[in-house]
Amino acid sequence: MPGPTTFPHGFLWGAATSAYQIEGAVREDGRTPSVWDTFSHTPGRTAGGDTGDIAVDHYHRYREDVALMRDLGLGSYRFSVSWPRVQPTGRGPAVQRGLDFYRRLTDELLSRGIQPALTLYHWDLPQELEDAGGWPERDTAHRFAEYAGIVGEALGDRVDLWITLNEPWCSAFLGYGSGVHAPGRTDPVAALRAAHHLNLAHGLATQRLRTALPARARVAVSLNSSVVRALSADPADEDARRRIDRLANGVFHGPMLHGAYPADLFTDTARVTDWSFVRDGDLVTAHQPLDALGLNYYTPSLVSSAPDSPTTRADGHGAGAHSPWPGADDVAFVQSPGERTEMGWSVDPTGLHDLLMRYTREAPGLPLYVTENGAAYDDKPDADGRVHDPQRIAYLHGHLSAVRRAITDGADVRGYYLWSLLDNFEWAYGYAKRFGAVYVDYATQERTPKSSARWYARAARTNALPARTER
Numbered sequence: 001m002p003g004p005t006t007f008p009h010g011f012l013w014g015a016a017t018s019a020y021q022i023e024g025a026v027r028e029d030g031r032t033p034s035v036w037d038t039f040s041h042t043p044g045r046t047a048g049g050d051t052g053d054i055a056v057d058h059y060h061r062y063r064e065d066v067a068l069m070r071d072l073g074l075g076s077y078r079f080s081v082s083w084p085r086v087q088p089t090g091r092g093p094a095v096q097r098g099l100d101f102y103r104r105l106t107d108e109l110l111s112r113g114i115q116p117a118l119t120l121y122h123w124d125l126p127q128e129l130e131d132a133g134g135w136p137e138r139d140t141a142h143r144f145a146e147y148a149g150i151v152g153e154a155l156g157d158r159v160d161l162w163i164t165l166n167e168p169w170c171s172a173f174l175g176y177g178s179g180v181h182a183p184g185r186t187d188p189v190a191a192l193r194a195a196h197h198l199n200l201a202h203g204l205a206t207q208r209l210r211t212a213l214p215a216r217a218r219v220a221v222s223l224n225s226s227v228v229r230a231l232s233a234d235p236a237d238e239d240a241r242r243r244i245d246r247l248a249n250g251v252f253h254g255p256m257l258h259g260a261y262p263a264d265l266f267t268d269t270a271r272v273t274d275w276s277f278v279r280d281g282d283l284v285t286a287h288q289p290l291d292a293l294g295l296n297y298y299t300p301s302l303v304s305s306a307p308d309s310p311t312t313r314a315d316g317h318g319a320g321a322h323s324p325w326p327g328a329d330d331v332a333f334v335q336s337p338g339e340r341t342e343m344g345w346s347v348d349p350t351g352l353h354d355l356l357m358r359y360t361r362e363a364p365g366l367p368l369y370v371t372e373n374g375a376a377y378d379d380k381p382d383a384d385g386r387v388h389d390p391q392r393i394a395y396l397h398g399h400l401s402a403v404r405r406a407i408t409d410g411a412d413v414r415g416y417y418l419w420s421l422l423d424n425f426e427w428a429y430g431y432a433k434r435f436g437a438v439y440v441d442y443a444t445q446e447r448t449p450k451s452s453a454r455w456y457a458r459a460a461r462t463n464a465l466p467a468r469t470e471r
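Read in order, the letters of the sequence shown correspond to residues 1 to 471 in UniProt numbering.
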């Protein structure tokens, strides 16, 4: 067994991004609008009216960005494919110019010795599919499976790790429940219908990928499973924890990992919907064998049943007036004491350890990857143009230490993907929040590795945690 600061042989050190947040080039080579193009161009939806039209221009600068990855010693890069760049209307044949970009990107990665990890869906639903009803409609799941097959056949010879969905909770409950993400709808029934059809889409896409990919390829999903804690031992607070856990976690890992929704999820949401949109055979389809499970973690949630608790806004993620929690909009989210990131999220590495151990118990034998983890801080260049971010180094050291402790405790964690490689478009927050290990001057597109990037590069090259202090 490796020592307390070293990681198992073959541990993957990576970084992650998503298409709409970095690519730009939204009208080039046949790409059509996604729900995020529409949402970000709607006044009042994003901070400062920011959009992903240019973002960090990765579409034109991908070779420069891959060179940065090589310089940082990354073993893997997790990126997403833009659905409307490949299949502009969400149906029908592919646009080869769109696929060619991802062929060039993967070839560039492989030439630098970096393993590509491909996410099929990171929230950029083609607008035409939203106009037809979006994720609340069953047909969208079938369209997604068709798209998965197209990408699988085009890139299956180059990519070994495939992720169907990224954080389907956000797609369903922030997109259709609270409305703070695209497409900006506020309908609790639509949110639950969307959640179910995302489960179905995952299963259908996994089936399609199995026929399109070579035997060596691995299929996974990335869930932002929440670590939900009760404010007190009071039974009412514990019940609030249970209700949020079912809506945050059970709604996806139930069907995907166990082939069934938790029974109490139906009871908890009975006043919202009767779940008649679940058809015979859907849960069998959603429950496809996986080769790995991706977990995204940023901060735990602390909940209470007390309406007069000192709370954050309703979702614990900065949502507005509409709750994303169907049937549990009376639960209070309490701000934990202690250090917070620029997102207002508490810094608590114990939650990552707890999450990894939970899925070690719930999905024994299934390899785990931390497919996102990171923090936003107010990074600025100094007089010499360098960017020092000791808070991010401390954050990464704490959370990677939690990963290492989980491995010691029996978790089969195969890799870690830092969020994010580059500062980028942070969804409804626009360009106001910087998660990147590499600083981007948005006016010039100049890239500057922060001190955390150099720290993370030492970790990747030595397969061990450097000291917490900055060099």
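Cβ atoms here follow ideal geometry from the backbone N, Cα and C, with glycine treated the same way.
query                                                                                                                                                                                   : result
When the Cα atoms are used, what is the spatial distance from PRO326 to THR6?                                                                                                           : 43 Å
By a C-beta neighbour count over all protein chains shown, 10 Å radius and 16 as the cutoff for buried, is THR164 buried or exposed?                                                    : buried
If you reduce the DSSP assignment to three classes, tell me which class ALA15 lands in.                                                                                                 : strand
Which residues does DSSP pair with PHE333 in a beta bridge?                                                                                                                             : VAL303
Counting along the chain, where does the beta strand (DSSP E) carrying MET416 start and finish?                                                                                         : As written in the sequence, residue 416 is Tyr, which differs from the Met given in the question. Per DSSP, TYR416 belongs to the beta strand (DSSP E) from 413-419.
Express the C-alpha separation of GLU372 and TYR77 in angstroms, rounding to a whole number.                                                                                            : 11 Å
Among the residues of its own chain, which have a CB less than 6 Å from the CB of ASP282, if the five just before and after it don't count?                                             : LEU200
According to DSSP, is THR42 helix, strand or coil?                                                                                                                                      : coil
Excluding five sequence neighbours on each side, which residues of the same chain lie with their C-beta closer than 7 Å to the C-beta of ASP291?                                        : ARG218, VAL219, ALA220
Which first and last residues belong to the beta strand (DSSP E) in which ALA117 is found?                                                                                              : 115-121
Does the beta-carbon of ALA314 have 16 or more other beta-carbons within 10 angstroms, so that it is buried, or is it exposed?                                                          : Only weak support is given to the placement of ALA314: the predicted model assigns it a pLDDT of 42, under 50, and the value that follows is read from those uncertain coordinates. Classification of ALA314: buried, given that the 10 Å Cβ count is 16 or more.
Contact between the segment 154-169 and the segment 117-128 is defined here as three or more beta-carbon pairs at a separation below 8 Å; is this criterion met?                        : yes
Do you know offhand how far LEU155's Cα is from VAL284's?                                                                                                                               : 27 Å
Are ALA94 and ILE54 touching if we call contact CB-CB under 8 Å?                                                                                                                        : no
Does PRO8 come out as helix, strand or coil in the three-state DSSP assignment?                                                                                                         : coil
Going along the chain, which residues of its own chain have a beta-carbon closer than 7 Å to the beta-carbon of ALA411, five neighbours each way excluded?                              : LEU356, MET357, THR360, LEU368
Excluding the 5 residues preceding and the 5 following TRP36 in the sequence, name in chain order all residues of the same chain whose CB lies nearer than 7 Å to its CB.               : TYR20, GLY52, TRP123, ASP124, ALA182
Is it a yes or a no for the segment 257-266 touching the segment 172-181, going by three-plus beta-carbon pairs under 8 Å?                                                              : no
Between the Cα of GLY338 and the Cα atoms of VAL347, HIS253, ASP330, which residue gives the shortest distance?                                                                         : VAL347
Using DSSP bridges, identify the partner residues of ILE163.                                                                                                                            : THR119, ALA220
Exposed or buried, what is HIS9 when buried is set at 16 or more other beta-carbons lying within 10 Å of its beta-carbon?                                                               : exposed
If you draw a straight line from the alpha carbon of GLN87 to that of GLN207, how long is it in whole angstroms?                                                                        : 19 Å
Can you give the Cα-Cα distance for PHE333 and VAL251, rounded to whole angstroms?                                                                                                      : 19 Å
Going by C-alpha to C-alpha distance, which of ALA270, SER420, SER304, VAL272 sits closest to TYR297?                                                                                   : SER420
Let me know the secondary structure DSSP gives GLU137 once reduced to three states.                                                                                                     : coil
Could you tell me the alpha carbon to alpha carbon distance between THR46 and TYR429, rounded to whole angstroms?                                                                       : 6 Å
Would you check if the distance between the CB atom of TYR416 and the CB atom of LEU72 is smaller than 8 Å?                                                                             : no
CA-CA distance, GLY184 and ASP384?                                                                                                                                                      : 42 Å
Assuming PRO349 and ALA402 form a contact by the criterion Cβ under 8 Å, report the distance between their Cβ atoms to the nearest whole angstrom.                                      : 4 Å
Leaving out the 5 sequence neighbours to the left and right, which residues in its chain are closer than 6 Å to ARG243 when beta-carbon positions are compared?                         : ASP268, ALA328
Considering only residues of the segment 65-108, which uninterrupted alpha helix (DSSP H) runs meet the minimum length of 4 residues and lie entirely inside it, listed in chain order? : 83-86
Between which two residues does the alpha helix (DSSP H) containing LEU422 stretch?                                                                                                     : Here LEU422 belongs to no alpha helix (DSSP H), and DSSP marks it neither H nor E.
Where do the N-terminal and C-terminal ends of the alpha helix (DSSP H) with VAL387 fall, by residue?                                                                                   : Looking at the DSSP string, VAL387 is not in any alpha helix (DSSP H), and its letter there is neither H nor E.
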